[in-house]
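Notes follow once the structure below has been shown.
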Ligand code: GDP
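In the numbering used here, the protein residues as written are 132 to 347.
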């Protein structure tokens, strides 16, 4: 499904939401460390190197808010960011396909993610990032989508780095993905297209998030 033309009011709400402060709040390494579920929360997930930190930084207009998976630190924690002084939690969920850790660490991390996705009442949507150059899903994407379908957590696919791929190929990838999503219970039908580098799709993604925040 191609995105509907953006609603000007939603675009403005998105602009305003992300024009405010954006601050790192805390890194959560176990369920007991989660902050109270007292506001709308959206989460960003995707394989290492998919362009997740670049996208979060583009959304918030802060060059170094989220750290790349290529940098050390914060890679085994759910990273909580406060957006617009209490309006929203944006959660960076790192670590998929991250090879440089032991099996025991990976198992503990997977367990935390599963519990988080299953039991977070204020989590309104997970944005699952897919590198446009890959043109489709990887095994880890299927794993997390299975989990979210099971937990009935709505997720939306966001293609990243679309500036690196010819427009026609991006459209083809988006159509293919949208087709696959029809068989999945908790998937949002619209596939978003973004480039953190060029700023493409960023106002639309902000608008989508602001709409969720307004719904409470
Ligand atoms: P993360 O590991 O998912 O946080 O990925 P990063 O945000 O660190 O990005 C991984 C690599 O992709 C870096 O070299 C980025 O410069 C590059 N990258 C990220 N977003 C874009 C984009 O929109 N366009 C292009 N051309 N490169 C990007």
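Glycine is no exception: its CB is placed at the ideal position from the N, C-alpha and C atoms.
Quick check on DSSP: helix, strand or coil for residue i?
{"i": "residue 337", "result": "helix"}
{"i": "residue 243", "result": "helix"}
{"i": "residue 320", "result": "coil"}
{"i": "residue 327", "result": "coil"}
{"i": "residue 197", "result": "coil"}
{"i": "residue 255", "result": "strand"}
{"i": "residue 208", "result": "coil"}
{"i": "residue 173", "result": "strand"}
{"i": "residue 224", "result": "strand"}
{"i": "residue 146", "result": "helix"}
{"i": "residue 238", "result": "helix"}
{"i": "residue 157", "result": "strand"}
{"i": "residue 178", "result": "strand"}
For residue i versus residue j, is the C-beta distance shorter than 9 Å?
{"i": "residue 219", "j": "residue 170", "result": "yes"}
{"i": "residue 288", "j": "residue 248", "result": "no"}
{"i": "residue 223", "j": "residue 187", "result": "yes"}
{"i": "residue 280", "j": "residue 327", "result": "no"}
{"i": "residue 158", "j": "residue 208", "result": "yes"}
{"i": "residue 173", "j": "residue 166", "result": "no"}
{"i": "residue 321", "j": "residue 309", "result": "yes"}
{"i": "residue 150", "j": "residue 333", "result": "no"}
{"i": "residue 284", "j": "residue 257", "result": "yes"}
{"i": "residue 259", "j": "residue 344", "result": "no"}
{"i": "residue 307", "j": "residue 182", "result": "no"}
Evaluate residue i with the Cβ neighbour count: other Cβ atoms within 10 Å of its Cβ, from every protein chain shown; 16 or more gives buried, anything less gives exposed.
{"i": "residue 195", "result": "exposed"}
{"i": "residue 216", "result": "exposed"}
{"i": "residue 312", "result": "buried"}
{"i": "residue 314", "result": "exposed"}
{"i": "residue 277", "result": "exposed"}
{"i": "residue 235", "result": "exposed"}
{"i": "residue 145", "result": "buried"}
{"i": "residue 298", "result": "exposed"}
{"i": "residue 213", "result": "buried"}
{"i": "residue 140", "result": "exposed"}
{"i": "residue 200", "result": "buried"}
{"i": "residue 184", "result": "buried"}
{"i": "residue 147", "result": "exposed"}
{"i": "residue 329", "result": "exposed"}
{"i": "residue 339", "result": "buried"}
Strictly by DSSP, which residues pair up with residue i?
{"i": "residue 219", "result": "214"}
{"i": "residue 291", "result": "262"}
Taking only beta-carbon positions, decide if residue i is within less than 9 Å of chain C.
{"i": "residue 190", "result": "Absence of chain C from the displayed structure is noted, only one protein chain being present."}
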